[in-house]
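If you use the numbering used here, the sequence shown closes out at 372, no skipped numbers anywhere. Positions of the beta carbon are idealized from the N, C-alpha and C atoms, including for glycine. As the structure is a computational prediction, the values presented were derived from the model and not from experiment.
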Amino acid sequence: MANPLIGSWTLTGWSRHADGLPVAYPLGPDAVGLLVYAPDGRMAVQMASAHRATIGGTDPLGGPEAARAAAYAGCLAYFGTYAVEGTTVTHKIAAFLFPDWTGEAQVRPFTLDGDRLVLRTPPAMVDGRTTVNEMAWRRAGAPAA
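Structure representation (structure tokens):
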């Protein structure tokens, strides 16, 4: 059976659902992102706030430390390999902007409806509340809903 996830996906939303709290948008309600699943089993994802302040200068590793910290706090990026089993995709992270997860396997149940893909985190306790993150994607080049 062909792998239905192969291709490029654009982020349409990242929402966080915690018991008893309003829905939150970790990178804002209009976050941007790209997720790529290659046929050879490699993957990469980048997500960012649409409204990050610039750092200034020409060196992406330079500029004032506070400006860099604020800018980089508004984005997530990692790459690695992936495997699909049924309605679950596992990302084996080779490197992550958040280094604590480098080398880990992140399991993501997913639903796929035509050109719409939704990845979810398994429920986890965060600050004493059961929390699920949901990342919604549209196949790159597909018309908006």
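Among the options, which residue has its Cα nearest to the Cα of residue i?
i	options	result
Gly247	Trp328, His318, Thr358 and Gly368	Thr358
I'd like the list of long-range same chain contacts for residue i, defined as Cβ closer than 7 Å, with 5 residues on each side in sequence excluded.
i	result
Arg263	Reading the sequence as shown, one finds Val at residue 263 and not Arg. Hits under 7 Å: Ser235, Met270 and Ala271.
Glu331	Ile320
Determine whether the beta carbon atoms of residue i and residue j lie at a separation below 8 Å.
i	j	result
Gly260	Ala275	yes
Ala298	Arg279	yes
Thr314	Val334	no
Pro336	Arg343	no
Ala363	Thr239	yes
Which residue marks the beginning of the alpha helix (DSSP H) containing residue i, and which one marks its end?
i	result
Tyr305	Counting along the chain, Tyr305 falls outside any alpha helix (DSSP H), though it belongs to the beta strand (DSSP E) covering Cys302 to Glu312.
Along the chain, where does the beta strand (DSSP E) containing residue i start, and where does it finish?
i	result
Trp241	Gly234 to Ala245
Leu344	Arg343 to Arg347
Can you find the residues in the same chain that come closer than 8 Å, C-beta to C-beta, to residue i, ignoring five residues on each side of it along the sequence?
i	result
Ala265	Ile233
Quiz item: For the 8 Å Cβ check, are there 3 or more pairs between the segment 300–308 and the segment 266–278?
Solution: yes
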